[in-house]
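Accompanying notes for the structure given below.
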Amino acid sequence: DDMAKGVTVAEMEQNFRDGKEVGIFAATNWIVGFPSERLQDFSESMTFLWRMRNMNINSIGAGVGMAVGPETIVGQNTEKFNVSAQKYQGHWITKDLTMGGTHVMTRVKTFAIFLDLMRECTELEFGYPIRESLAREHYVIKLDDPKTIHEVEYEQFDFNIIKTNLNPFADTLVNEMWPFFRMLWRIRGGYSALIKFNPEIDLKEFGSQFGPGMYNAVFDFKIDEAGNWKADFDYKFEQVDNPYDDRERPPHGRKGPFYAQDYSRMKSNTAARARKLAKPHWGDEGRSGEDFTQLLEEERILNATIDLSFSHHYVNAGKWER
């Protein structure tokens with residue numbers, strides 16, 4: 006709905022079924038980490054793809070997360086989508102600081118792992134951007150019974166399992182892995198998983214687009230077919246000095262984790278079109294000088310007062326129902 010696609014999930018599923026019936030193949034593209042995407046939405050994206058996996062999908066374009074650029078309606082009207090006009094460590098962040106580059110990287114990475122594990126469960130082979138280093142360096146997943154395949158319905162589930170009250174960024178980041186862990190259990194039954202995040206492997210695989218390498222985490226998770234699970238998670242996020250930020254340091258410069266980003270005055274045809282759709286009252290001039298001065302003041306205050314660093318260790322057990 007926020008992308009204004011004008012189509013329902015039921016209609017999309019029917020399109021796939023109709024296409025298969027008459028022999029049409031489908032090449033698909035997937036946006037992971039849209040700014041208003043909740044964990045529930047991300048879970049449903051995986052559910053949708055799993056349900057449609059045998060409906061003649063022959064290509065799955067899995068990108069590197071939603072980019073908020075000058076040619077997008079989101080970039081030209083950030084407040085509509087709860088996106089800050091400030092970038093954080095080189096990546097967009099929501100105004101309430103609950104979603105940023107590390108959250109998006111987690112979803113991009115787990116979506117890629119999900120595709121790795123779906124590859125052996127389809128009637129037809131499908132093409133997708135295979136990240137061979139993931140299975141080699143990032144994760145080890147062992148299924149209790151590789152022959153287990155479950156069909157699933159859409160479900161509502163509360164993924165806010167870990168409650169930390171550390172800071173808005175941390176309180177959501179600690180729960181980012183749950184949609185993947187639950188989805189894998191729902192479709193493949195019991196398993197054990199060890200998944201790692203650290204700057205050495207993540208910067209090599211994804212580059213610096215999600216930030217300069219601030220996140221270390223190890224997820225040790227086990228669950229049986231009946232839904233009995235055990236979790237041992239370690240997190241450490243450090244708000245480091247961004248080596249990719251070439252601005253001069255204060256007091257004369259503006260270097261810091263937050264960076265005021267104003268796309269409203271860009272003159273390219275694509276940016277102008279997005280601006281006309283997003284903020285028609287801005288016209289050709291874009292943001293006023295007074296508004297931009299306020300952005301710079303907000304940047305100064307955020308850099309002086311916000312540090313999203315945290316560490317956390319979570320050990321727990323529970324039982325899920327289907």
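Quick note: to get our numbering, add 5 to the position in the sequence shown (first position is 1).
Just so it is clear, CB atoms sit at the ideal spot from N, CA and C, and this is done for glycine as well.
Worksheet item: What three-state label does DSSP hand ASN63 in the structure shown?
Response: Position 58 of the sequence shown holds residue 63. Three-state DSSP puts ASN63 in a strand.
Worksheet item: Which runs of the beta strand (DSSP E), 3 residues or longer, sit entirely within the segment 176 to 208?
Response: 196 to 202
Worksheet item: Would you report the Cα separation of GLY218 and SER314, rounded to the nearest angstrom?
Response: If you number the sequence shown from 1, residue 218 lands on position 213. If you number the sequence shown from 1, residue 314 lands on position 309. So the two alpha carbons sit approximately 13 Å from each other.
Item to complete: Give the straight-line distance between the Cα atoms of ARG270 and PHE211, rounded to the nearest whole angstrom.
Response: As a first step, residue 270 is located in the sequence shown; it is residue number 265 there, counting from the start. As a first step, residue 211 is located in the sequence shown; it is residue number 206 there, counting from the start. Going by the C-alpha atoms only, they are around 30 Å apart.
Worksheet item: What does DSSP give as the partner residues of LYS235 in its beta bridges?
Response: Start at 1 with the first residue of the sequence shown, and residue 235 comes out as number 230. Per DSSP, LYS227 and ALA322.
Discussion item. Give me, in chain order, the residues of the same chain whose beta-carbon lies closer than 7 Å to that of TYR159; leave out the 5 immediate sequence neighbours on both sides.
Written reply: As a first step, residue 159 is located in the sequence shown; it is residue number 154 there, counting from the start. Excluding residues within five positions, the ones whose Cβ falls inside 7 Å are GLU49 and THR52.
Worksheet item: Alpha carbon to alpha carbon, what distance is there between ASP149 and SER197?
Response: For the purposes of this step, residue 197 is taken as residue 192 along the sequence shown, with counting starting at 1. For the purposes of this step, residue 149 is taken as residue 144 along the sequence shown, with counting starting at 1. Answer to the nearest angstrom: the Cα atoms are 8 Å apart.
Practice prompt. Grab me the residues of GLN161's own chain with a C-beta within less than 8 Å of its C-beta, minus the 5 sequence neighbours each way, in chain order.
Written response: By 1-based counting over the sequence shown, the position of residue 161 is 156. Same-chain partners within the cutoff: GLN45.
Discussion item. Whether or not the segment 162 to 177 and the segment 128 to 147 are in contact is what I'm after, with contact meaning three or more pairs of Cβ atoms, one per stretch, closer than 8 Å; do they touch?
Written reply: no
Discussion item. Please list the terminal residues of the continuous beta strand (DSSP E) segment that includes VAL245.
Written reply: As a position in the sequence shown, residue 245 is number 240, starting the count at 1. Counting along the chain, VAL245 falls outside any beta strand (DSSP E), and DSSP gives it neither H nor E.
Fill in: Where ASN274 falls: helix, strand or coil (DSSP)
Taking the sequence shown and counting its residues from 1, the one referred to as residue 274 is at position 269. Helix.
Worksheet item: Which residues in the same chain as TYR220 place their Cβ atom closer than 6 Å to its Cβ, once the five residues preceding and following it in sequence are excluded?
Response: Translated into positions along the sequence shown, residue 220 becomes position 215. Contacts found: THR107, PHE202 and PHE242.
Worksheet item: Taking Cβ to Cβ, would you say VAL145 is nearer than 7 Å to LEU199?
Response: As a first step, residue 145 must be located in the sequence shown, where it is residue number 140. As a first step, residue 199 must be located in the sequence shown, where it is residue number 194. Contact flag set, yes.
Item to complete: Examine the Cβ distances between the segment 252 to 262 and the segment 223 to 239 and report whether three or more of them are shorter than 8 Å.
Response: no
Worksheet item: How about ARG141 and VAL37: do their beta carbons lie closer than 7 Å?
Response: Taking the first residue of the sequence shown as 1, we reach residue 141 at position 136. Taking the first residue of the sequence shown as 1, we reach residue 37 at position 32. No, the Cβ-Cβ distance between ARG141 and VAL37 is not below 7 Å.
Discussion item. Taking only three categories from DSSP, how would you classify VAL12?
Written reply: The count along the sequence shown starts at 1 and reaches residue 12 at position 7. Here VAL12 sits in coil by DSSP.
Practice prompt. Sort GLU303, ASP225 and SER64 by Cα distance to GLN266 and report the nearest one.
Written response: Your numbering for residue 266 matches position 261 in the sequence shown. The candidate whose alpha carbon is nearest that of GLN266 is GLU303.
Discussion item. Residues in the same chain with beta-carbon distance under 6 Å from PHE39, minus the five sequence neighbours each way, listed in chain order, please.
Written reply: The residue given as residue 39 occupies position 34 in the sequence shown. These residues qualify, in order along the chain: MET71.
Discussion item. Just list the residues that DSSP pairs HIS96 with in beta bridges.
Written reply: Within the sequence shown, numbered from 1, the residue matching residue 96 stands at position 91. In DSSP, HIS96 forms a bridge with TYR93.
Practice prompt. Classify SER293 as helix, strand or coil using the three-state DSSP reduction.
Written response: Position 288 of the sequence shown, counted from the first residue, corresponds to residue 293. Of the three classes helix, strand and coil, the one that applies to SER293 here is coil, per DSSP.
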